[in-house]
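Let me begin by presenting the structure, written as structure tokens, before commenting on it.
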Amino acid sequence: MLAVALAGCSAVRLTYSQGPALLYWWADGYVDFSAEQTPRARAAIDEWFAWHRSSQLADYAALLSRLREMAVRDVTPQQVCRVYDDVQQLLARAYDRAVPLASPLVATLSPAQIDHLDKRYSRNHEDARREYLQPDARDRHDASLKRTVDRVESIYGSLDPVQRQRLAAELQQSPFDPEIWLAERRARQLDILRTLRTLQAARADAGAVEAALRAFAAHAEQSPRADYRAYRDRLAQANCQLMSRLHNRMTDAQRQHAAQTLRGWEEDLRALAVD
Numbered sequence: 311m312l313a314v315a316l317a318g319c320s321a322v323r324l325t326y327s328q329g330p331a332l333l334y335w336w337a338d339g340y341v342d343f344s345a346e347q348t349p350r351a352r353a354a355i356d357e358w359f360a361w362h363r364s365s366q367l368a369d370y371a372a373l374l375s376r377l378r379e380m381a382v383r384d385v386t387p388q389q390v391c392r393v394y395d396d397v398q399q400l401l402a403r404a405y406d407r408a409v410p411l412a413s414p415l416v417a418t419l420s421p422a423q424i425d426h427l428d429k430r431y432s433r434n435h436e437d438a439r440r441e442y443l444q445p446d447a448r449d450r451h452d453a454s455l456k457r458t459v460d461r462v463e464s465i466y467g468s469l470d471p472v473q474r475q476r477l478a479a480e481l482q483q484s485p486f487d488p489e490i491w492l493a494e495r496r497a498r499q500l501d502i503l504r505t506l507r508t509l510q511a512a513r514a515d516a517g518a519v520e521a522a523l524r525a526f527a528a529h530a531e532q533s534p535r536a537d538y539r540a541y542r543d544r545l546a547q548a549n550c551q552l553m554s555r556l557h558n559r560m561t562d563a564q565r566q567h568a569a570q571t572l573r574g575w576e577e578d579l580r581a582l583a584v585d
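So that you can map any letter, position 156 of the sequence shown is 466 in this note's numbering, and since no number is skipped, the others follow by simple counting.
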């Protein structure tokens with residue numbers, strides 16, 4: 311979303327304005343809302359977006375302002391990690407507000423809807439395996455490089471051949487292991503399905519569902535599997551170091567491009583907050 315600009319209307323503003331409809335469409339694709347659930351789902355989504363627009367966008371804009379100031383100077387891995395932590399806090403706050411709104415609706419899910427979610431999870435898992443686990447190691451590396459370059463260039467503009475080569479070499483040394491990540495992701499999906507089926511069989515009330523939704527978030531933030539926690543910590547530190555080195559190699563023109571991009575997103579969010 312943040313990487314695209316549309317003539318006359320920023321993609322940030324356009325996409326956010328369509329957010330309630332897009333989020334409903336996304337959620338419906340996972341659980342196939344019934345006619346009775348649909349108005350309740352739309353009302354909960356509308357309430358969440360009203361809260362988010364009025365109370366959260368200013369904080370997002372403030373973070374972008376800080377990033378814009380950082381964009382024109384060198385940064386340390388510690389600074390990059392602090393930004394990551396700040397983003398996680400914003401996401402946690404958004405999820406925390408969504409939980410009491412979603413819980414009454416989740417409590418009404420039928421066995422057929424949970425089966426629908428199961429099939430969607432399975433399809434997503436297979437799609438992710440195709441995207442991240444190409445049989446040939448070279449193809450896997452090339453796909454990883456393309457994903458990373460696309461993200462970087464959406465902020466800094468085009469990388470030159472030397473920058474691409476150095477990034478490719480560093481990605482070869484990254485501890486990121488798609489097998490580990492996908493196994494954890496799948497384990498989390500299966501845990502969600504087991505929990506939802508248990509709640510549905512017990513006809514659990516919204517309070518019990520809310521506790522389960524909060525447990526899902528806690529497990530996503532801090533896996534119950536010690537080996538994955540250790541892996542994630544290693545990866546986070548490596549990514550902070552990689553982003554610091556990558557940014558510090560950018561030219562003045564690329565840094566200015568990043569600052570201008572961030573300013574545009576910041577201005578869009580401030581405008582949305584007062585609309």
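Just so it is clear, CB atoms sit at the ideal spot from N, CA and C, and this is done for glycine as well.
Keep in mind that this is a model prediction, so the values were computed, not measured.
Just confirm the distance between the C-beta atoms of residue i and residue j, as a whole number of angstroms; I'd bet it's less than 8 angstroms.
| i | j | result |
| --- | --- | --- |
| residue 351 | residue 415 | 6 angstroms |
| residue 390 | residue 550 | 4 angstroms |
| residue 478 | residue 455 | 5 angstroms |
| residue 442 | residue 500 | Wrong, their Cβ atoms sit about 19 angstroms apart, outside the cutoff. |
| residue 424 | residue 523 | The Cβ separation is near 14 angstroms, so there is no contact. |
| residue 392 | residue 358 | Rounded, the Cβ-Cβ distance is 27 angstroms, inconsistent with contact. |
| residue 485 | residue 548 | 5 angstroms |
For residue i, report the span of its alpha helix (DSSP H) as first-last.
| i | result |
| --- | --- |
| residue 410 | 387-416 |
| residue 384 | Where residue 384 is concerned, there is no enclosing alpha helix (DSSP H), given that its DSSP letter is neither H nor E. |
| residue 432 | 421-442 |
| residue 512 | Here residue 512 belongs to no alpha helix (DSSP H), and DSSP marks it neither H nor E. |
| residue 537 | 536-558 |
| residue 454 | 447-466 |
| residue 571 | 562-584 |
| residue 471 | 471-482 |
Going by Cα to Cα distance, which pick from the options is closest to residue i?
| i | options | result |
| --- | --- | --- |
| residue 323 | 338, 363 and 417 | 363 |
| residue 487 | 524, 562, 329 and 444 | 444 |
| residue 481 | 459, 325 and 537 | 459 |
| residue 495 | 341, 514 and 527 | 527 |
| residue 498 | 485, 514 and 534 | 534 |
| residue 386 | 568, 567, 565 and 553 | 553 |
| residue 341 | 474, 584, 429 and 360 | 429 |
| residue 568 | 376, 539, 343 and 583 | 376 |
| residue 537 | 330, 490, 334 and 344 | 490 |
| residue 452 | 475, 348, 585 and 561 | 475 |
| residue 394 | 329, 531 and 438 | 531 |
| residue 472 | 328, 561 and 566 | 561 |
| residue 361 | 329, 321 and 437 | 329 |
| residue 584 | 348, 338 and 365 | 365 |
Mind the definition here: the segment 386-402 touches the segment 503-518 only if three or more C-beta pairs lie below 8 angstroms; say whether that holds. Flag = no, the segment 386-402 and the segment 503-518 do not touch.
Whether or not the segment 375-386 and the segment 565-574 are in contact is what I'm after, with contact meaning three or more pairs of Cβ atoms, one per stretch, closer than 8 angstroms; do they touch? Yes, they touch.
Does the contact criterion of 3 or more C-beta pairs under 8 angstroms hold for the segment 547-561 versus the segment 464-477? In short, these stretches touch, since the Cβ pair count reaches three.
Can you find at least 3 beta carbon pairs, one from the segment 537-556 and one from the segment 431-450, that sit closer than 8 angstroms? The segment 537-556 vs the segment 431-450: no contact.
Which whole runs of the alpha helix (DSSP H) in the segment 324-356 are 4 residues long or more, in chain order? Here the runs fully enclosed are 329-341.
Does the segment 575-583 come close enough to the segment 355-370 that 3 or more CB-CB pairs lie under 8 angstroms? Taking 8 angstroms as the limit for Cβ pairs, the verdict is that the segment 575-583 does touch the segment 355-370.
At least 3 beta-carbon pairs within less than 8 angstroms: the segment 337-354 vs the segment 408-423: The segment 337-354 vs the segment 408-423: in contact.
The segment 513-522 / the segment 417-425 touching (three or more Cβ pairs under 8 angstroms): Touching, yes.
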